[in-house]
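Worksheet: one structure, shown below.
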Amino acid sequence: MFAVKGLAAALMAAVLVVSSGCGNSAGTNTGQQAGATPAPNQTEGKSTESTTKTRTVKTAKGEVTIPTEPKRVVAAYYHGTLAALGINAIGANKQWWMGSPFLKEQEAKMEDIGAPGSVEKIASMNPDLIVMNGFTEENYDKFAKIAPSVFIPYTAYNNVREEVKLLGDLLGKQKEAAEWLAKYEQKAKDSREKVKDVVKDGETAVIINVREKKISLLGDNYGRGGEIIYNMLKMKVPEFVQKQAIDTGKQIAEISMETLPTYANADRIFICMNEGTTEEQVKEILNSPIWKSLPAVKNNKVYMLDYKTYLYYDPISILGQADLITDMLVKGAK
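Read in order, the letters of the sequence shown correspond to residues 120 to 453 in my numbering.
Next comes the structure, spelled out in structure tokens:
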């Protein structure tokens, strides 16, 4: 998962369970925001041999009647979040979103639906629920004819914690969401305890992303360890990153090599080289006088983040990455 997030909190509308019934039905096209909060006094259809319990939810595309306990979920996105909630998708997008080393077991059981998602392939899998985001929005109407389809835009949440709660409310997995959030808080507490002797309060950090010849600074919700570094370990976000990457909702701010001393002047640097970046391009940066002039470089506080390990920012991957980054900081201080 590596797409840019949008502005969220103000746009986050609650998914409202408004009625119930039996069978499946697709939603209608209406708005552009989605959230998830069950309404009071909700009821469910009674299960029989010929019917399935359902609940009707309000989504960014209108009201959609979904199974209360979906069994065959296709995830054009969010398969890692679903896994954290105890829902194992039968299909997901391998080319774009699969490949996290922390989801190997779960992903081994999923079929590839193609990128951004083959209508024919998904139809052949006979899903009872399809979950998607903006990358497949153009196919929403086609997906909705196959099975109830829930569209959740990036503007519905700010971070992985809000994402877990939103999907938990939407899919009736509030207990599982609460359990994951408790794990997150405990992991964050344990991680801060482990690094307290090597990372001082108020230390700043930047996450530098290199894609071929482009250099960017990342926010807290673009993968590459942002959630862990800024929100779990609570390292200080530089003002430029806060304003240009996080507050804008873009989560990425491109800069030039010449401005590194201004915008990457942090106590610690985490750097990720994207696929497609050549060895020559990496050497050009790391061997340059500008790079060598940075305080974090001089103080040997630069940490390389492997692209295939830190690209992902689903709930399960983040908890796994937290251990790696924590160990990285402790070992780097010795």
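Quick reminder that beta carbons are idealized off the backbone N, C-alpha and C, glycines included.
Excluding its 5 nearest sequence neighbours in each direction, residue 246 has C-beta neighbours in its own chain below 6 angstroms: 191, 193, 266, listed in chain order. Annotated three-state conformation of residue 408 is helix, per DSSP. As the crow flies, the alpha-carbon of residue 430 is around 30 angstroms from that of residue 243.
Annotation: residue 337 to residue 172 spans about 43 angstroms, alpha carbon to alpha carbon. Contact annotation: the segment 329-348 touches the segment 368-376, with at least three C-beta pairs closer than 8 angstroms. Excluding the 5 residues flanking it on each side, residue 256 has no same chain C-beta neighbour closer than 6 angstroms. The C-beta of residue 184 has 16 or more other C-beta atoms within 10 Å across all chains shown, which makes the residue buried. For the pair residue 382 and residue 410, the Cα-to-Cα distance works out to about 12 angstroms.
Non-local C-beta neighbours of residue 392 in its own chain, meaning closer than 7 angstroms and more than five positions away in sequence, comprise 329, 401, 426, ordered along the chain. Boundaries of the beta strand (DSSP E) harbouring residue 421: 421-424, taken from the DSSP string. Here residue 433 is buried: its Cβ has 16 or more other Cβ atoms, across all protein chains shown, within 10 Å. If you look at residue 346, you'll find it isn't in any beta strand (DSSP E); DSSP assigns it neither H nor E. Classified as exposed, residue 321 has fewer than 16 neighbouring CB atoms from the shown chains inside 10 Å of its CB.
When DSSP reads this structure, residue 280 sits in no beta bridge, so it has no partner.
Annotation: residue 218 is outside any alpha helix (DSSP H) and is labelled neither H nor E by DSSP.
Per DSSP, the beta bridge partners of residue 323 are 355.
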